[in-house]
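The structure appears below as structure tokens.
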Amino acid sequence: MALDSKILHAARRRHEERVRAFAAEREARLKAVYAAVPEAEDIDRTLRALVMEAVNVSLQKGEDPVAAVEQIGAKSLALQERRGQYLEKAGFPRDYTDRDYYCEDCRDSGYAGTSPCRCLMELYTEEQNAALSSLFKLGNESFDTFNLSWYDDTPASGGTSPRQIMRNVYETCTAYAKRFSEMTESLLFIGPTGVGKTFLSACIARDVAKQGHSVVYETAGAVFAAFEADKFQKTDDPDATRAHVRRVLNCDLLIIDDLGTEMTTAFTISALYEIINTRLITGKKTIISTNFSKEELQHRYSAPIVSRLLGEFIVLTFAGRDIRIRRQEMGL
Ligand SMILES: [Zn+2]
38 MALDSKILHA ARRRHEERVR AFAAEREARL KAVYAAVPEA EDIDRTLRAL
88 VMEAVNVSLQ KGEDPVAAVE QIGAKSLALQ ERRGQYLEKA GFPRDYTDRD
138 YYCEDCRDSG YAGTSPCRCL MELYTEEQNA ALSSLFKLGN ESFDTFNLSW
188 YDDTPASGGT SPRQIMRNVY ETCTAYAKRF SEMTESLLFI GPTGVGKTFL
238 SACIARDVAK QGHSVVYETA GAVFAAFEAD KFQKTDDPDA TRAHVRRVLN
288 CDLLIIDDLG TEMTTAFTIS ALYEIINTRL ITGKKTIIST NFSKEELQHR
338 YSAPIVSRLL GEFIVLTFAG RDIRIRRQEM GL
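Here you go:
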């Protein structure tokens, strides 16, 4: 699983803030307890002295200090018990100052070995959701709020109604998001404006991000602008631009929205090929949505691109009229 370094950075910053806030809170609690219960401060001093003494003696004898500390267990337990009683008598919860760390699992390092601890991953997921929400301008898009009644139930000439078509599309998308880790395929969403391509992309993005995968969502125009800025050094911040390009190439799920709205040049075609091909080779998944039909794609892009899009992606053809208009008509 590739974590997005920019999002991880933001998550770590928040993690540090939380650890700092916890330490300050702990400090304040101790101060309050010591002010109200001087016996607690004496006991803490005695406990520390006991530990120090045990360690010193064992080091002088060349013994294991951990075993020595364990040996004072009974004595220290008795002192802690008394301390608890003092606290309760003064109206504090018994364990008011017992927590030493914000997260006991990683002792606030944020890492368990080399992988991020769950306390850091929680923040990572929140940061990723926030980043995606602002990109998608998300409202309440989720598989639960998707509504098939936005689509016409009258069969078209082929005998299949838009609603039936979209039921299949919806089921494919939910299964894809749910089983993202096992999936090897990428998706191509084809269909006119306003029939739910961005909506369902957002639903998948949200579910996949929740599973802890890195997700990048961009419009085609923004992706190509970043590649161009990187290639021709048209940027004030080359490192950030390079990092942006790397994220597009390496994230677990890349969503390119509105392919075909960009100005197509030899450069955008070669960048698109690089993105699609690199990600296919490295087994990274991509969702591309476009208003173009298959024929228009063939006309617009080079054969190597089209053969990959139509041959190696699962093509989902969306149907219906603009759902915003239909929702207005239906008062939804
Ligand atoms: Zn932790």
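Residue numbers for the sequence shown follow our numbering, beginning at 38 and rising by one. Don't be surprised by glycine CBs; every beta carbon is placed ideally from N, CA and C. The structure displayed is predicted, hence computed values, not measured ones.
Annotation for ILE351: the continuous beta strand (DSSP E) segment containing it runs 350-354. Beta-bridge partners assigned by DSSP to PRO199: none are found.
Using a Cβ-Cβ distance cut-off of 8 Å, the segment 280-289 and the segment 252-272 are in contact, since at least three pairs of beta carbons, one from each stretch, lie closer than that value. For LYS112, no beta strand (DSSP E) run applies; the uninterrupted alpha helix (DSSP H) run containing it begins and ends at 110-126, by DSSP. In the DSSP assignment, LEU296 falls within the beta strand (DSSP E) that extends over 290-296. Linking GLY195 to CYS288 through their CA atoms gives a straight-line distance of about 39 Å. Between LEU157 and ARG85, the C-beta gap is not smaller than 8 Å, which leaves the two residues out of contact. By the Cβ criterion, the segment 346-361 is not in contact with the segment 250-257, since fewer than three pairs of Cβ atoms, one from each stretch, lie closer than 8 Å. Note that the segment 228-244 touches the segment 198-218; at least 3 beta-carbon pairs, one per stretch, sit closer than 8 Å. DSSP places THR256 in the uninterrupted beta strand (DSSP E) bounded by 252-256. When only Cα atoms are considered, ASP267 and ARG337 end up about 24 Å apart. For THR327, the secondary structure class from DSSP, reduced to helix, strand or coil, is strand. The beta carbon of LEU296 lies closer than 6 Å to those of ALA257, ILE325, THR327 in the same chain, with the five residues before and after it left out. Non-local beta-carbon contacts of ILE202 in its own chain, meaning distances under 6 Å to residues more than five positions away in sequence, involve ALA356 in chain order. Excluding the 5 residues flanking it on each side, ALA127 has same chain C-beta neighbours closer than 7 Å at ALA73, VAL74, in chain order. Between ligand 1 and ASP137, a heavy atom-to-CB distance of less than 7 Å is absent. Near ligand 1, meaning a Cβ closer than 5 Å to any of its heavy atoms, lie the following residues in chain order: CYS140, ASP142, CYS143, CYS154, CYS156.
The Cβ atoms of PHE304 and GLU265 lie closer than 8 Å to each other. Taking ALA246 as the centre and dropping the five residues before and after it, the same chain places the C-beta of THR162, GLN165, ASN166, LEU169, VAL252 closer than 7 Å to its C-beta, in chain order.
TYR310 sits in a helix when the DSSP states are folded into three classes. The beta-carbon distance between ILE306 and ILE342, rounded to whole angstroms, is 7 Å. This is short enough to meet the 8 Å contact definition.
Taking a cut-off of 8 Å on C-beta distances, the segment 50-63 does not touch the segment 306-322, as fewer than three cross pairs fall below it.
Excluding its 5 nearest sequence neighbours in each direction, GLU178 has C-beta neighbours in its own chain below 8 Å: PHE236, ALA239, CYS240, ARG243, listed in chain order. For PHE226, the uninterrupted beta strand (DSSP E) segment begins and ends at 223-227. LEU87 is a Cβ neighbour of SER113, given a cutoff of 8 Å. Annotation for ARG283: the continuous alpha helix (DSSP H) segment containing it runs 275-287.
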